[in-house]
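Protein sequence lines, in the order shown, are assigned to chains A and B. Heads up: the first sequence begins at 11 in the numbering used here, then just goes up one per residue. Heads up: the second sequence begins at 2 in the numbering used here, then just goes up one per residue. Report on one structure; see the data block that follows.
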Amino acid sequence: KRFALQGSRWKVKDLTYRISKYPTSGQMTKQDVDGEIKKALDVWTDHTDLTFTQKRSGRVHIDISFLEGEHGDGDPFDGSGGTLAHAFFPVFGGDAHFDDKEFWTMESFRGTNLLQTAAHEFGHSLGLSHSDDNDALMAPFYRGFEVKPSLNDDDIKAIQALYGVKSSSNLASSLNEISSNEIEFDRRDSETNHILCNDARIDAIFTALDNSTYVFKGQEYFKLVDDSIADGYPRKISSDWSGLPSNIDAAFTWKNGKTYIFKGSQYWRYTNKNKDSGYPKPISKGFDGIPNSVDAAFVWSGNGLIYFFKNGDYYRFNPEERPPVKETYPKPISNWEGIPDNIDDALKYTNGFTYFFKDGNYWRFDDKAFKVDQANPAFPRPASFWWFGC
Amino acid sequence: PSNAMPIPHVKENSLTSAMMYLMKYGYMDDMDHHHHRSENLLSQDGLKKYIMEFQAFAGMNVTGELDSDTVKMMNMPRCGVKDKLGMKMDADSHQVHHHSRS
């Protein structure tokens with residue numbers, strides 16, 4: 011085995027694609043580009059039951075574009091030669107970008123052959139990494155014009171490891187709507203699997219004074235490390251958070267270093283895991299104007315104030331004002347463009363961004379634009395993969 | 002344009018440009034960025050391990066030396082995706098070599 015699998019694949023086999031930006035120069039017409047892209051995708055359908063359908067608009071699985079220089083994904087192109095193109099694995103959206111400064115050609119030894127390059131890039135879009143077999147299509151280096159690029163044994167083994175062998179007859183199937191459920195991830199070693207991998211819904215998430223980030227779910231809580239769950243977790247809430255019940259509603263840490271945890275009509279206050287005396291207290295006493303049984307509580311990175319979300323409404327709490335919640339609240343959550351109602355919780359993370367969690371997914375918020383961040387891959391994303399190391 | 006010689010990105014005897022290449026394509030992702038200063042790597046010995054990994058991946062003689070064949074291979078037109086995925090790519094992060102929420 012010389013091939014490498016990145017770890018994600020498409021769960022569906024009928025994939026759509028769109029050429030959203032054609033090359034701006036060179037000898038190829040749009041029709042030529044359409045044709046070569048189709049041939050490049052056909053390289054992969056020859057050995058699997060994958061199908062590809064071109065769409066001219068709307069959301070697709072694989073977006074294809076010809077771009078130059080820095081084009082928004084943090085991996086700029088470098089003009090003629092060097093890097094020719096790159097593509098994203100299914101978990102990152104599957105899109106393919108081609109350097110618009112290359113001289114793209116077809117059926118010629120001149121310039122850079124689009125068919126050859128595209129066939130390789132679509133391997134990435136499907137979940138393959140580079141092979142160290144120099145004869146493989148998934149070897150990283152450009153091989154030059156080939157009349158008909160084809161997969162060698164290493165490539166075939168790789169793609170069939172993800173999508174199976176081609177069946178003798180393809181059953182007709184309808185095109186699927188794109189959703190985050192269409193991407194599948196390899197299961198990791200058992201020691202990295204935990205309940206959040208099976209059900210990534212959470213009760214609450216917050217970062218404590220010591221910069222540890224915790225997720226609460228049911229009777230347990232998890233400590234997060236950089237890209238997964240810390241060893242030794244989950245632990246029982248009752249073991250470490252004195253006096254705190256299970257199934258909490260929400261939590262946040264304020265700039266005074268205290269963590270406020272909410273459930274029902276009460277709230278508790280902690281310094282890291284140490285409960286302050288005199289708690290719990292009624293929400294109506296400490297957070298005048300905030301309802302009981304909130305969905306989420308967080309300090310918004312945009313202005314440093316405390317926000318509570320409940321059902322389809324949100325409240326802004328400013329402890330330095332009287333009253334702390336103005337009469338203009340509640341306001342609709344729909345003001346937070348792209349954020350759904352009835353979220354599980356929200357968090358201002360240590361990187362400065364505010365994240366919203368609901369039903370195992372999460373959204374990152376663009377504070378300046380005041381809407382969900384327009385990133386690739388798009389939000390919502392699965393929290394199990396991006397936050398919990400599944 | 003198809004006949005123009007593109008500007009080489011990795012220069013002979015330039016450990017810095019070679020290191021940039023190796024970092025870009027994932028060969029140095031095991032480096033602890035907090036404890037290793039890049040200048041410690043800017044020596045033939047410092048990069049040797051990574052050069053060897055690249056040579057092995059490219060099907061070349063594994064010498065660990067930044068010789069002319071290795072430089073030539075590094076300047077070959079290629080795909081921009083990393084060869085080594087020891088650390089995941091965050092597609093939209095400015096820190097493209099790290100998969101973490103930060």
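Note that the Cβ used here is the ideal one computed from N, Cα and C, for glycine as well. Remember, it's a predicted structure, so these values are computed and weren't measured experimentally.
Contacts around residue i, its chain only, beta-carbon distance under 8 Å, and the 5 residues preceding and following it disregarded
i                  : result
Asp-376 of chain A : Val-382, Asp-383, Gln-384
Thr-217 of chain A : Thr-223, Tyr-224, Thr-263, Leu-357, Lys-358, Tyr-359, Thr-360
Trp-396 of chain A : Tyr-372
Ala-388 of chain A : Gly-103
Asn-38 of chain A  : Per the sequence presented here, residue 38 of chain A reads as Met, with Asn not at that position. Glu-46, Trp-114, Thr-115, Met-116, Leu-124, listed in sequence order.
Lys-285 of chain A : Trp-251, Ser-252, Gly-253, Leu-254, Trp-278, Arg-279
Under 8 Å by beta carbon: chain A residues contacting residue i
i                 : result
Leu-48 of chain B : Simply none; closest approach about 19 Å.
Val-72 of chain B : In chain order: nothing, as chain A lies at least about 13 Å away.
Contacts that residue i makes with chain B (C-beta to C-beta distance below 8 Å)
i                 : result
Gln-16 of chain A : Leu-86
Leu-94 of chain A : Pro-78, Arg-79, Cys-80, Gly-81
Asp-88 of chain A : His-10
Glu-46 of chain A : The premise fails here: Glu-46 of chain A is roughly 16 Å from chain B at the closest Cβ pair, so nothing lies under 8 Å.
Partners in chain A for residue i, counting only beta-carbon separations shorter than 7 Å
i                 : result
Phe-58 of chain B : Asp-142
Same chain, Cβ closer than 7 Å to residue i, neighbours up to 5 away in sequence not counted
i                  : result
Gln-170 of chain A : His-57, Thr-58
Ala-129 of chain A : Ala-50, Val-53, Leu-147, Pro-159
Val-72 of chain B  : Val-11, Glu-13
Pro-390 of chain A : Ser-190, Asn-371, Tyr-372, Trp-373
Leu-86 of chain B  : Gly-27
Gln-41 of chain A  : none
Leu-254 of chain A : Ile-247, Ile-271, Trp-278
Ile-166 of chain A : His-57
Gly-312 of chain A : Asp-377
Pro-33 of chain A  : Val-43, Phe-76, Asp-110, Trp-114
Gly-296 of chain A : Tyr-277
Cross-chain neighbours of residue i in chain A, by beta carbon under 9 Å
i                 : result
Val-63 of chain B : Those do not exist, as Val-63 of chain B stays about 12 Å from chain A at its closest Cβ, beyond 9 Å.
Closest by C-alpha distance to residue i, when choosing among the options
i                  : options                                    : result
Glu-117 of chain A : A:Gly-154, A:Gly-82, A:Lys-295             : A:Gly-154
Tyr-27 of chain A  : A:His-204, A:Ser-75, A:Ala-146, A:Gly-89   : A:Ser-75
Gly-89 of chain A  : A:Asp-250, A:Trp-114, A:Gly-104, A:Asp-73  : A:Trp-114
Gln-229 of chain A : A:Arg-120, A:Asp-73, A:Asp-213, A:Glu-78   : A:Asp-213
Pro-334 of chain A : A:Gly-299, A:Val-304, A:Asn-321            : A:Gly-299
Ser-177 of chain A : A:Lys-23, A:Phe-366, A:Asn-352             : A:Lys-23
Met-77 of chain B  : A:Ala-307, A:Phe-151, A:Glu-78, A:Lys-40   : A:Phe-151
Arg-120 of chain A : A:Glu-156, A:Asn-144, A:Phe-102            : A:Glu-156
Glu-54 of chain B  : B:Met-20, B:Asn-14, B:Ser-15, B:Glu-13     : B:Met-20
Val-309 of chain A : A:Ile-271, A:Lys-265, A:Pro-350            : A:Lys-265
Phe-367 of chain A : A:Val-43, A:Ala-307, A:Pro-255             : A:Ala-307
Pro-292 of chain A : A:Ile-271, A:Pro-86, A:Asn-257, A:Lys-48   : A:Ile-271
Glu-347 of chain A : A:Ala-379, A:Phe-99, A:Ile-353, A:Gly-312  : A:Ala-379
Gly-60 of chain B  : A:Pro-342, A:Asp-142, A:Asp-241, A:Lys-283 : A:Asp-142
Asp-351 of chain A : A:Lys-320, A:His-204, A:Leu-125, A:Asp-250 : A:Lys-320
Asp-46 of chain B  : B:Leu-67, B:Asp-30, B:Phe-58, B:Gln-56     : B:Leu-67
Ala-261 of chain A : A:Val-175, A:Phe-318, A:Ser-294            : A:Phe-318
Ser-35 of chain A  : A:Pro-86, A:Lys-65, A:Thr-122              : A:Thr-122
His-204 of chain A : A:Gly-174, A:Asn-221, A:Ala-240, A:Tyr-365 : A:Ala-240
Close-in-space but distant-in-sequence residues of the same chain around residue i (CB under 6 Å, 5 per side omitted)
i                  : result
Tyr-22 of chain B  : Val-11, Met-75
Leu-315 of chain A : Arg-326, Asn-328
Cys-400 of chain A : Cys-207, Ser-394
Tyr-289 of chain A : Trp-278, Arg-279
Ile-215 of chain A : Val-225, Asp-355, Leu-357
Thr-127 of chain A : Leu-94, Ala-95
Phe-363 of chain A : Arg-374
Ser-30 of chain A  : Asp-73, Ser-75
Neighbour list for residue i in chain E, Cβ cutoff strictly below 9 Å
i                  : result
Ser-139 of chain A : Looking at the structure shown, chain E is missing, and the protein chains on hand are A and B.
Nearest-angstrom beta carbon gap, residue j and residue i [assumed within contact, 8 Å]
i                  : j                  : result
Asp-83 of chain A  : Asn-386 of chain A : 6 Å
His-107 of chain A : His-81 of chain A  : 7 Å
Asp-209 of chain A : Gly-370 of chain A : 7 Å
Arg-19 of chain A  : Leu-161 of chain A : About 16 Å separates the two Cβ atoms, so there is no contact after all.
Leu-15 of chain A  : Leu-60 of chain A  : Wrong, their Cβ atoms sit about 15 Å apart, outside the cutoff.
Asp-305 of chain A : Asp-259 of chain A : 7 Å
Leu-219 of chain A : Asn-282 of chain A : 5 Å
Phe-99 of chain A  : His-71 of chain A  : Actually they are not in contact, since the Cβ atoms of Phe-99 of chain A and His-71 of chain A sit about 12 Å apart, beyond 8 Å.
Ala-12 of chain A  : Asp-237 of chain A : Ala is not the amino acid found at residue 12 of chain A; the sequence shown has Arg there. So it is not a contact: roughly 27 Å between Cβ atoms.
Residues that residue i contacts on chain B, provided the C-beta gap is smaller than 9 Å
i                  : result
Phe-151 of chain A : Ala-59, Met-74, Met-77, Pro-78, Arg-79, Cys-80
His-134 of chain A : Cys-80, Val-82
Contacts that residue i makes with chain B (C-beta to C-beta distance below 7 Å)
i                  : result
Ala-97 of chain A  : Val-82
His-130 of chain A : Cys-80
Proximity test, residue i beta-carbon vs the ligand ATP heavy atom, cut-off 7 Å
i                  : result
Val-175 of chain A : Absence of the ligand ATP from the depicted structure is noted, as is the absence of any ligand whatsoever, leaving it without description.
*Run through the segment 226-285 of chain A for me and flag every whole beta strand (DSSP E) of 3 or more residues, listed as ranges in chain order.*
The qualifying runs are 230-234, 260-263, 268-273, 276-281.
*asked:* So within the segment 87-117 of chain A, which uninterrupted beta strand (DSSP E) runs reach at least 3 residues, ignoring any that extend past its ends?
replied: Annotation: the segment 87-117 of chain A contains the following complete segments of the beta strand (DSSP E) (minimum length 3 residues), in chain order: 93-97, 106-109.
*In chain order, which beta strand (DSSP E) runs of at least 3 residues are fully inside the segment 116-145 of chain A?*
Whole beta strand (DSSP E) segments, 3+ residues: zero.
*Where are the alpha helix (DSSP H) runs, 4 residues long or more, that stay fully inside the segment 290-365 of chain A, in chain order?*
Look at the segment 290-365 of chain A and you find these whole runs of alpha helix (DSSP H), each 4 residues long or longer: 293-296.
*Can you list the beta strand (DSSP E) stretches of 3 or more residues lying completely in the segment 16-51 of chain A, in chain order?*
If we require 3 residues or more, the beta strand (DSSP E) runs fully inside the segment 16-51 of chain A come out as 18-20, 24-31.
*In the segment 45-70 of chain B, which residue ranges form an unbroken alpha helix (DSSP H) of at least 4 residues, counting only runs that do not cross its ends?*
Whole alpha helix (DSSP H) segments, 4+ residues: 45-58.
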